[in-house]
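Following our numbering, the residues of the sequence shown are numbered contiguously, the last one being 1664.
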Amino acid sequence: MQALYDVPAPAKLNLFLHVVGKRPDGYHLLQSIFTLIDWADTLHFERRGDGRLARHDGADAMAELPEDDLCLRAARLLRTESGDAALGANIHLEKRLPAGAGMGGGSSDAASTLLALNRLWGLNWPLARLLPLGLKLGADVPFFLGGRNAFVEGIGEILHPVDLPAQTYFVLKPPTSIATQEIFSSPLLARSKSVAIVAGFPAHNSSDDKNESLQSTGAEVVKLDAQGVAKLCGGFGSNDLQKPAEAICPEVRQALQLLEARYGNSRMTGSGSAVFARVSSEEKDGMSNQSMATMLQDLPGAWTGKICRGLDRHPLSGWA
């Protein structure tokens, strides 16, 4: 195999996000449900035999990017672990996901790079071997490698698969981005939310009767119906990063208010600055393509909005 084209790297939304503690090494312990959506970057890979790794960033020529470029970090890490210094690739990234949105764009790019090069280079490693590499690249990367929606714990490495019903979301991104470190260092951040208990999941944290409870059914895969998703997007829990984000970036509050007025629900995803609202089936059926286009045109200048469909599985599920 010499090339892989049109490799998707989808975004995620956090239906809720609780900060439940902090490790001695400074990493925060989280609980969240991550759902994949059909807003995605696209990557193209061409194999090289000279050991060079280069990413095409839209300029006319291939160029070496900084060490912290996530696609190249993923490629270098996989090559190092393989022990074959001759492995190389040209990587072209078509960036469609907004940066600094809290939608996991960079992590998703890294995960798709690991999955694609694992196949392109003929390594054919199982997922269990790729997951530790993903965690080295970022806390969200294992989720994108995992292939399906999940209840996430720890720093992102504990994944419990979740079946979610077909769902539509309106995602809104103000032009301002927020540094994740600024959010986590804010005095407004609550760092010891009670651990949520989700029926059907193994317990990985101590709990007591005061903990919030989100009830679902199922065994290995927990299934949520439409009412369960509605509860996640509104009545259940919160995004604990949202309050400090609103203080740092007033446009986040403005975006939340816009969606709340239109859909009756709104929540920030990740560390922002993107926010989203669940669109009910009735609202979706009543929205023509023209009305959607008009709504997008009415957004403030430089804002980005998109109607997104939730995905049942990652498009690359089964690649490892």
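Idealized CB from N, CA, C, for every residue including glycine.
Per DSSP, what kind of secondary structure is residue i in: helix, strand or coil?
i: Ser1376; result: strand
i: Thr1524; result: helix
i: Lys1480; result: helix
i: Leu1474; result: helix
i: Arg1606; result: helix
i: Ala1347; result: strand
i: Leu1503; result: strand
i: Pro1354; result: strand
i: Leu1600; result: helix
i: Leu1640; result: helix
i: Ser1557; result: Any answer about Ser1557 is weak, because its pLDDT of 38 lies below 50 and its placement is not dependable; what the coordinates show is given next. Ser1557: strand per DSSP, three-state reduction.
i: Gly1562; result: Legend: pLDDT at Gly1562 = 35, less than 50; position of this residue unreliable, no value from coordinates given.
i: Leu1431; result: coil
i: Leu1489; result: helix
Would a check of beta-carbon distances place residue i closer than 9 Å to chain B?
i: Ser1426; result: The chain inventory of the structure shown lacks chain B, comprising one protein chain alone.
Kindly indicate the opening and closing residues of the alpha helix (DSSP H) around residue i.
i: Cys1684; result: One cannot answer for residue 1684 here, as it falls past the ends of the chain, which runs 1345 to 1664.
i: Asn1462; result: 1449 to 1464
i: Ala1419; result: 1414 to 1426
i: Leu1326; result: No information on residue 1326 is available, as it lies outside the stretch 1345 to 1664 that the chain covers here.
i: Leu1508; result: Neither: Leu1508 is in no alpha helix (DSSP H) and is coded neither H nor E.
Less than 7 Å between C-beta atoms, sequence neighbours within five positions excluded: which residues of the same chain meet that for residue i?
i: Gly1490; result: Leu1503
i: Asp1404; result: Model confidence at Asp1404 stands at a pLDDT of 44, short of 50, so the residue's coordinates are unreliable; what they give is reported in the following sentence. Contacts found: none.
i: Ala1419; result: Leu1397, Ala1433, Ile1435, Thr1457, Leu1461
i: Pro1588; result: Ile1527, Ser1530, Leu1532, Leu1533
Tell me the residue span of the beta strand (DSSP E) that contains residue i.
i: Thr1613; result: Run containing Thr1613: none; DSSP gives neither H nor E here.
i: Leu1397; result: 1397 to 1400
i: Ala1534; result: Element bounds for Ala1534: n/a, residue is neither H nor E.
Kindly give me the distance between the Cβ atoms of residue i and residue j, rounded to whole angstroms, as I take these residues to be in contact under 8 Å.
i: Gly1616; j: Cys1652; result: Rounded, the Cβ-Cβ distance is 17 Å, inconsistent with contact.
i: Ile1522; j: Gly1444; result: 6 Å
i: Tyr1349; j: His1388; result: 5 Å
i: Thr1613; j: Gly1482; result: With a Cβ gap of about 16 Å, Thr1613 and Gly1482 do not count as contacting.
Under the DSSP definition of a beta bridge, which residues are partnered with residue i?
i: Lys1650; result: Val1515
i: Asp1385; result: Ala1353
i: Arg1367; result: Arg1367 is not bridged to any residue.
i: Arg1392; result: Gly1432
Who are the Cβ neighbours of residue i in its own chain at under 6 Å, not counting the five residues just before and after it?
i: Met1345; result: Leu1464
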